[in-house]
Structures are given as C-alpha cells and as structure tokens.
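Peer 1:
In this note's numbering, the protein residues as written are 10 to 260.
1) Considering only residues of the same chain and omitting the five flanking positions on each side of residue 173, which have a CB-CB separation below 8 Å?
2) Among 99, 258, 104, which one has its Cα closest to the Cα of residue 44?
3) Tell me whether the region 123-140 and the region 220-227 touch, counting them as touching only if at least three CB pairs, one residue from each stretch, are closer than 8 Å.
4) Cutting at 6 Å between CB atoms, please list the residues of its own chain near residue 218, excluding the five before and the five after it.
5) Which class does residue 134 belong to by DSSP, given the choice of helix, strand or coil?
6) Please list the terminal residues of the continuous beta strand (DSSP E) segment that includes residue 45.
7) Please state the DSSP three-state secondary structure of residue 186.
8) Can you grab the Cα-Cα spacing for the pair residue 70 / residue 176, in whole Å?
9) Could you tell me the boundaries of the alpha helix (DSSP H) in which residue 202 lies?
10) Judging by CA-CA distance, which residue of 248, 243, 143, 124 is the nearest neighbour of residue 170?
11) Quick one: is residue 184 buried, meaning 16 or more other Cβ sit within 10 Å of its Cβ, or exposed?
12) Anyone know if the C-beta pair for residue 165 and residue 182 falls short of 9 Å?
13) Straight-line CA distance for residue 238 to residue 85?
14) I think residue 116 touches residue 34, with their Cβ atoms under 8 Å apart; what is that distance to the nearest whole Å?
15) Since I believe residue 108 is in contact with residue 39 (beta carbons under 8 Å), could you give me their beta-carbon distance rounded to a whole number of angstroms?
16) Consult DSSP for residue 76 and reduce its assignment to one of helix, strand or coil.
17) Output yes or no for whether 9 Å exceeds the beta carbon distance between residue 32 and residue 203.
18) Have a look at 150, 190, 226, 211 and flag the residue whose alpha-carbon is nearest the alpha-carbon of residue 37.
19) What are the boundary residues of the alpha helix (DSSP H) that includes residue 219?
20) Select from 123, 230, 187 the residue whose C-alpha is nearest the C-alpha of residue 214.
21) Only counting the same chain, and skipping five residues up and downstream in sequence, which positions put a Cβ closer than 7 Å to that of residue 113?
22) Leaving out five residues on either side along the sequence, give the residues of the same chain with a beta carbon under 8 Å from the beta carbon of residue 141.
23) With DSSP collapsed to three states, give me the class of residue 112.
24) Tell me whether the beta-carbon of residue 246 lies closer than 9 Å to the beta-carbon of residue 216.
25) Report the partner residues of residue 174 according to the DSSP bridge assignment.
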C-alpha cells in the first residue's frame with residue numbers, strides 16, 4: 010500500500026438471516042403493470058356486481074358500467090382491477106402480470122442465483138434499449154453462460170446476436186431491471202439494494218457475474234475498472250464479506 014491509496018475498512022456488516030429474497034412487482038410498479046385476469050374473471054364478476062349495485066345507490070353508474078364491460082378483456086390495468094374489486098384486492102398474492110403486450114410473468118419473483126448472476130453481468134456490461142436488454146459479449150462460452158442464466162419466468166427468446174452481444178427480447182425483464190435500480194449507463198451503474206440484503210450465495214453469484222463481464226486477472230490480483238466510484242465501493246463492501254479486501258485507486 011502506497012501513500013495516497015484509499016483502503017475501505019468495513020467496521021460491521023449487517024448479517025442477512027433471510028434465505029430467500031422476494032420482490033413484489035405489483036407493489037413496486039402499479040402504474041405500469043397489466044394483470045392477466047383469465048383466472049380472476051369469475052371472482053371479479055362477482056365483486057364488480059357488488060360494486061355496481063353500490064354505485065347505483067351512490068349515483069355513480071357511468072364509470073362502473075364501463076369497468077364492468079372491461080371484463081371481456083384478458084388484461085386490465087391495476088387501477089381497473091382495483092375499481093372492479095372494490096379495493097379488496099390482496100397484492101400479497103401471486104398474480105400473472107405483464108409490462109408488455111404478450112408475455113406474462115408472476116407478480117412475485119425470487120432473487121435466485123440465476124437472476125443474481127444476470128444482474129451482475131448487466132451491471133458490468135449491460136444496457137437497456139427499447140423493450141430489450143443487451144449485454145456486450147464477444148466470447149461464445151460466456152454467451153452460453155449468460156443465456157443459461159435466463160430467469161425461469163422469462164418466456165421470451167434470448168440469443169447471441171452477431172457474436173457481439175447477448176440480446177434478451179423482453180419488456181418484462183427490461184422493466185424488472187429498471188425497478189431494481191441497477192442504473193442505465195456506465196456512469197450511474199450500481200449494485201441493486203436487494204443484493205446487499207441477500208444471503209451470501211446470492212452475493213457470490215452477483216460478484217461472479219460482474220467480474221466475468223468486467224474483471225481481469227494479473228499475478229498481483231484481480232482488477233476491475235469503472236467510472237462510477239459508488240459501484241466500486243459497493244463491490245469492495247460485498248467482497249469484504251468474503252474476507253477479500255480491496256484497494257481503490259484513482260486512474
């Protein structure tokens with residue numbers, strides 16, 4: 010260690026007792042999400058009749074009649090479902106939701122090892138474009154590893170595009186990454202807060218993904234480079250939990 014080097018020293022890390030970290034997307038993004046009401050249709054019809062009867066008493070028939078007709082659709086916005094259900098919807102239940110026009114996914118997802126690895130790779134080499142997630146990749150073996158980390162709830166295709174990037178054509182994955190707040194460009198990329206709250210197996214997979222994408226090995230150690238100091242300090246904090254302590258240098 011030379012004079013002027015910055016060495017982060019962690020006084021205390023909060024121990025994670027949870028074995029599984031789950032994310033409720035319905036609570037995070039009510040304004041964007043659409044609900045698949047195929048399995049809910051019978052219950053909603055019954056509830057909407059009650060709402061409609063009450064509305065007649067309150068002389069609010071116009072809006073409820075419109076919402077009642079919406080039951081012919083397969084997908085409704087969260088606000089419309091709440092209106093039909095008379096605000097009796099239990100958001101802690103698992104529903105089929107969608108951020109796009111076709112693919113659906115569960116409203117409650119687990120931060121498992123596959124997703125943690127993918128998030129690590131995204132923070133290192135990824136970006137968001139329209140309804141797609143792009144991860145720069147020029148190595149076929151690494152591309153296969155990224156494709157293998159596809160979340161089990163992701164139904165859309167993923168491919169190694171022109172031997173330059175792994176392309177996830179998924180509005181759902183696009184929105185999940187935005188909601189987890191990973192950052193969009195190199196200058197603001199950061200470790201999602203949910204990773205810090207996860208058990209060590211999940212943290213390890215995230216670090217694996219990150220250093221696979223943006224790390225290199227030399228005889229003197231393992232290195233990474235970033236324009237974002239917050240990201241580097243976050244990586245240092247995660248690594249310290251595994252007994253690996255880092256030096257941070259300004260280039």
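Glycine included, each C-beta is placed from N, C-alpha and C at the ideal position.
Peer 2: Taking the structure as given:
1) As a first step, residue 173 must be located in the chain shown, where it is residue number 164. Cβ-Cβ distances below 8 Å link residue 173 to 145, 146, 147 in the same chain, with the five nearest sequence neighbours on each side left out; the list follows chain order.
2) The sequence position of residue 44 within the chain shown is 35, counting from 1. It is 104 whose Cα lies nearest to the Cα of residue 44.
3) Contact holds between the region 123-140 and the region 220-227, because three or more Cβ pairs, one in each stretch, are under 8 Å apart.
4) The count along the chain shown starts at 1 and reaches residue 218 at position 209. Once the five neighbours on either side are set aside, the close Cβ partners of residue 218 are 126, 129, 130.
5) Here residue 134 corresponds to residue number 125 of the chain shown, with the count starting at 1. In the structure shown, residue 134 sits in a helix (DSSP, three-state: H, G or I).
6) If you number the chain shown from 1, residue 45 lands on position 36. Annotation for residue 45: the continuous beta strand (DSSP E) segment containing it runs 43-45.
7) Residue 186 sits at position 177 when you count from the first residue of the chain shown. Note: residue 186 maps to helix in three-state DSSP.
8) Here residue 70 refers to the residue found at position 61 of the chain shown. Here residue 176 refers to the residue found at position 167 of the chain shown. For residue 70, the predicted structure reports a pLDDT of 44, less than 50, and the residue's modelled location is therefore unreliable. A value from the coordinates is still provided. Roughly 48 Å separates the two Cα atoms.
9) Your numbering for residue 202 matches position 193 in the chain shown. Per DSSP, the continuous alpha helix (DSSP H) segment holding residue 202 begins and ends at 202-205.
10) In the chain shown, counting from the first residue as 1, residue 170 sits at position 161. The option with the nearest alpha carbon to residue 170 is 143.
11) Mapped onto the chain shown, residue 184 falls at position 175. With 16 or more Cβ atoms within 10 Å of its Cβ, residue 184 is classed as buried.
12) To locate residue 165, count along the chain shown from 1; it is residue 156. To locate residue 182, count along the chain shown from 1; it is residue 173. One thing to note: residue 165 has its Cβ within 9 Å of the Cβ of residue 182.
13) As a working mapping, residue 238 is identified with position 229 in the chain shown. As a working mapping, residue 85 is identified with position 76 in the chain shown. A straight line joining the alpha-carbon of residue 238 with that of residue 85 spans about 42 Å.
14) Residue mapping note: residue 116 aligns to position 107 of the chain shown, counting from 1. Residue mapping note: residue 34 aligns to position 25 of the chain shown, counting from 1. Confirmed, about 5 Å.
15) Taking the first residue of the chain shown as 1, we reach residue 39 at position 30. Taking the first residue of the chain shown as 1, we reach residue 108 at position 99. Contact flag wrong, Cβ pair sits at about 12 Å.
16) Here the question's residue 76 lines up with position 67 in the chain shown. Unreliable placement is indicated for residue 76, whose pLDDT of 48 sits below 50; no coordinate value is reported for it.
17) If you number the chain shown from 1, residue 32 lands on position 23. If you number the chain shown from 1, residue 203 lands on position 194. Their beta carbons are under 9 Å apart, which means residue 32 touches residue 203 by this criterion.
18) As a first step, residue 37 must be located in the chain shown, where it is residue number 28. For residue 37, the closest of 150, 190, 226, 211 by C-alpha to C-alpha distance is 190.
19) Walking along the chain shown from the start, residue 219 turns up at place 210. Unbroken alpha helix (DSSP H) run through residue 219: 209-223.
20) Along the chain shown, read from residue 1 onward, the residue named residue 214 stands at position 205. Residue 123 is the option with its Cα nearest to residue 214.
21) Looking up residue 113 in the chain shown gives position 104. If we look at residue 113 and ignore the five residues flanking it on each side, its Cβ neighbours are 45, 105, 106, 107.
22) Start at 1 with the first residue of the chain shown, and residue 141 comes out as number 132. Scanning its chain for C-beta atoms nearer than 8 Å, with the 5 sequence neighbours on each side dropped, one finds around residue 141 the residues 176, 177, 178, 179, 183, in chain order.
23) The residue labelled residue 112 in the question sits at position 103 within the chain shown. DSSP places residue 112 in coil when its eight states are reduced to three.
24) Translated into the one-based positions of the chain shown, residue 246 becomes position 237. Translated into the one-based positions of the chain shown, residue 216 becomes position 207. No. Outside cutoff.
25) The residue labelled residue 174 in the question sits at position 165 within the chain shown. Beta-bridge pairing links residue 174 to 145, 170.
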